[in-house]
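J.: One structure, pasted below without further comment.
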Amino acid sequence: RQLAAILTSNCPLPSYTHLMAEEGSVREEALIESLARQVAVVEDLVARAGDAMGWLAVHGQVHSYLRRLQELPRGRASDTVRRAIERHEATLERHRRRSRAQLAAFDPATLADARARVGLRVAVIGKGGAGKTVISSTLARILARRGRSVLAADLDANPGLATSLGIGPFEGGLPLEALEENEGSAYGWRLARDVSPREVVERFATPGPDGVRLVAMGKIGGLDKSAPKKSAVALGQVLLGFREPGWDVVADLEAGPTTPFEGYHAFADDVVVAVGPAWRSAMTARRLLPMVGRRNPVVVANRFSDEPDHPGLAPRIRIPFDPEVAEAERQGLSPLDACPDSPAVRAIARLADHLVNASQEVPLS
483 RQLAAILTSN CPLPSYTHLM AEEGSVREEA LIESLARQVA VVEDLVARAG
533 DAMGWLAVHG QVHSYLRRLQ ELPRGRASDT VRRAIERHEA TLERHRRRSR
583 AQLAAFDPAT LADARARVGL RVAVIGKGGA GKTVISSTLA RILARRGRSV
633 LAADLDANPG LATSLGIGPF EGGLPLEALE ENEGSAYGWR LARDVSPREV
683 VERFATPGPD GVRLVAMGKI GGLDKSAPKK SAVALGQVLL GFREPGWDVV
733 ADLEAGPTTP FEGYHAFADD VVVAVGPAWR SAMTARRLLP MVGRRNPVVV
783 ANRFSDEPDH PGLAPRIRIP FDPEVAEAER QGLSPLDACP DSPAVRAIAR
833 LADHLVNASQ EVPLS
């Protein structure tokens with residue numbers, strides 16, 4: 483819009499260069515402020531860390547922020563931004579050393595018990611039609627039925643996860659009081675300054691069956707297409723900054739490579755890559771796997787009958803094609819309500835077992 487205004491008003495090129503510099507400074511200011519918010523999240527966890535689970539949460543949160551920071555391109559960053567990032571890394575490293583020192587003081591049995599209960603962080607990705615939403619919703623409710631606190635997140639502009647959870651038709655994203663406009667953020671919106679990720683879950687998450695809580699991106703509907711743009715960045719901030727002790731986070735990402743490419747899986751420690759029997763589903767999975775980065779990828783073959791595995795995509799879990807689940811989807815029902823003992827639901831329970839067991843084997847380093 484700025485460029486169009488310049489061209490139509492015959493403004494000289496130096497004015498456009500000035501506008502580009504202003505835009506860069508606005509984005510840099512937003513980035514530096516986001517680093518300060520991250521420190522506030524970590525310090526809040528430190529202040530409340532009274533046991534092994536609390537210090538594991540601190541350690542995990544610091545690790546998530548550092549991992550995400552290392553994934554950001556810095557080639558064209560200004561000296562101001564580079565210095566801010568260096569200071570931020572040093573601050574996070576201090577908190578990581580402190581959390582490790584605190585954890586070293588606990589006996590092995592206490593630490594093992596805490597690690598079993600500290601919480602999973604799972605993103606589910608894949609091509610459209612691979613069954614991500616059924617996997618995400620059923621996984622979230624299975625974990626909740628085992629007595630775990632679960633936050634489910636819908637990062638798709640199309641409705642789906644709420645219905646599959648059993649909440650029913652659901653259009654709501656984050657309310658405006660949790661958001662604020664900001665020129666330096668993607669799409670021009672971000673999480674409000676006076677609202678933390680923890681407060682978003684406490685105040686605005688929608689309760690669902692089995693105690694699951696749901697946060698969602700705004701949905702596209704009618705003539706208004708702005709709802710997803712308003713909440714996308716804020717929801718990413720919430721997921722990246724929410725690591726309450728004992729809480730599992732399961733997110734259903736938009737189909738295809740766009741949301742992983744933009745980093746909406748950044749919060750996750752485990753990334754479930756759903757792949758169906760079709761060749762195009764396998765092609766998408768192969769494109770997605772390199773985007774996972776320093777996270778644990780779990781390939782799940784979904785809706786397979788007698789088809790062989792795709793070359794190079796050996797699945798950790800195989801979920802069979804299940805007519806009962808297909809019928810539940812057709813009727814807009816939660817598979818866990820409509821057919822809790824079906825083969826597909828039992829296979830997703832095995833996925834839950836794998837994720838919980840694998841989380842206890844990851845070294846703290």
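Just so we're aligned, residue 483 is where the sequence shown starts under my numbering, counting upward by one.
All C-beta atoms in this analysis are idealised placements derived from N, C-alpha and C, irrespective of residue type, glycine included.
Identify whether D595 lies in helix, strand or coil by the three-state DSSP scheme.
T.: Helix at D595.
J.: Cβ atoms of L735 and A767: under 7 Å apart, would you say?
T.: The answer is no: Cβ separation not under 7 Å.
J.: Between the Cα of A639 and the Cα atoms of G557, Q520, R695, K712, which residue gives the shortest distance?
T.: Minimum Cα distance to A639 is reached at K712.
J.: Tell me which same chain residues have a C-beta within less than 8 Å of the C-beta of F724, skipping the five on either side of it?
T.: These residues qualify, in order along the chain: L633, P679, R680, V682, V683, V731, F749.
J.: Go through its chain and collect everything with a Cβ distance to P779's Cβ below 7 Å, but skip five positions before and after it.
T.: Only V753, V755, L771 meet the Cβ criterion.
J.: Whose C-alpha, out of I624, A531, T573, is nearest the C-alpha of L517?
T.: Nearest of I624, A531, T573 to L517, Cα basis: T573.
J.: In the DSSP output, what is R800 paired with across the bridge?
T.: BP columns for R800 point to A783.
J.: Pull up the distance between the alpha-carbon of E811 and that of S841, whole angstroms please.
T.: Whole-angstrom Cα-Cα distance: 30 Å.
J.: Using 7 Å as the threshold, is the C-beta distance between V757 and A764 below it?
T.: Yes, Cβ-Cβ distance for V757 and A764 is below 7 Å.
J.: Okay, do the segment 573-590 and the segment 537-548 touch, 3+ Cβ pairs below 8 Å being the bar?
T.: The segment 573-590 vs the segment 537-548: in contact.
J.: Does DSSP put S636 in a helix, a strand or coil?
T.: Strictly speaking, residue 636 in this sequence is Asp, with Ser absent from that position. DSSP places D636 in strand when its eight states are reduced to three.
J.: Excluding the 5 residues flanking V508 on each side, which residues of the same chain have their C-beta closer than 6 Å to its C-beta?
T.: These residues qualify, in order along the chain: E665, G666.
J.: Residues bridged to R695 by DSSP?
T.: The partner list for R695 (beta bridge, DSSP) reads L633, P689.
J.: For the alpha helix (DSSP H) containing R777, list its first residue and its last residue.
T.: Taken as a continuous stretch (DSSP letters only), R777 belongs to no alpha helix (DSSP H), as it is neither H nor E.
J.: Is there a C-beta anywhere in chain B that falls below 7 Å from the one on D561?
T.: No chain B appears in this structure, which consists of one protein chain only.
J.: Nearest-angstrom Cα distance between A612 and N784?
T.: Their backbone Cα atoms lie some 7 Å apart in a straight line.
J.: For L602, name the three-state secondary structure that DSSP assigns.
T.: L602 falls in the coil class under three-state DSSP.
J.: How far does the beta strand (DSSP E) with D734 in it reach, from first residue to last?
T.: Looking at the DSSP string, the run of the beta strand (DSSP E) that includes D734 is 729-735.
J.: Count Cβ pairs between the segment 617-629 and the segment 599-608 that sit closer than 8 Å; are there 3 or more?
T.: Segments in contact, yes.
J.: Would you grab the beta carbon distance between I567 and L551 for me? Rounded to a whole angstrom, and I think it's under 8 Å.
T.: About 7 Å; that satisfies the 8 Å criterion.
J.: What residue range does the alpha helix (DSSP H) around A660 cover?
T.: Careful: A660 lies outside any alpha helix (DSSP H) and carries neither H nor E.
J.: Mind reading off the beta-carbon distance from I624 to A834? Whole number of angstroms is fine, and I expect it under 8 Å.
T.: The Cβ separation is near 5 Å, so the contact holds.
J.: Would you report the Cα separation of H836 and L815, rounded to the nearest angstrom?
T.: Distance between the alpha carbons of H836 and L815 is about 26 Å.
J.: My output table needs one value for I514: the three-state DSSP class, helix, strand or coil.
T.: Note: I514 maps to helix in three-state DSSP.
J.: Helix, strand or coil, according to DSSP, for S678 in the structure here?
T.: Coil.
J.: Beta strand (DSSP E) containing D752: first to last residue?
T.: Here the beta strand (DSSP E) through D752 covers 752-757.
J.: Is R672 helix, strand or coil by DSSP?
T.: Three-state DSSP puts R672 in a strand.
J.: Quick one: Cα of R630 to Cα of E571, how far?
T.: About 32 Å.
J.: Would G648 and D819 qualify as a contact pair, given that the criterion is a beta-carbon distance under 7 Å?
T.: Their beta carbons are under 7 Å apart, which means G648 touches D819 by this criterion.
J.: Just confirm the distance between the C-beta atoms of A687 and V697, as a whole number of angstroms; I'd bet it's less than 8 Å.
T.: At roughly 5 Å, the Cβ-Cβ gap stays under 8 Å, so A687 and V697 are in contact.
J.: May I have a chain-ordered list of the alpha helix (DSSP H) segments no shorter than 4 residues that lie completely inside the segment 544-595?
T.: Entirely contained in the segment 544-595, the alpha helix (DSSP H) runs reaching 4 residues are, in chain order, 561-586.
J.: For S708, is the classification buried or exposed, using 16 other Cβ atoms within 10 angstroms of its Cβ as the cut-off for buried?
T.: Answer is exposed; the Cβ neighbour count stays below 16.
J.: Measuring alpha carbon to alpha carbon, tell me which residue in H792, A829, P739, V781 is nearest I801.
T.: That would be A829, whose Cα lies nearest to the Cα of I801.
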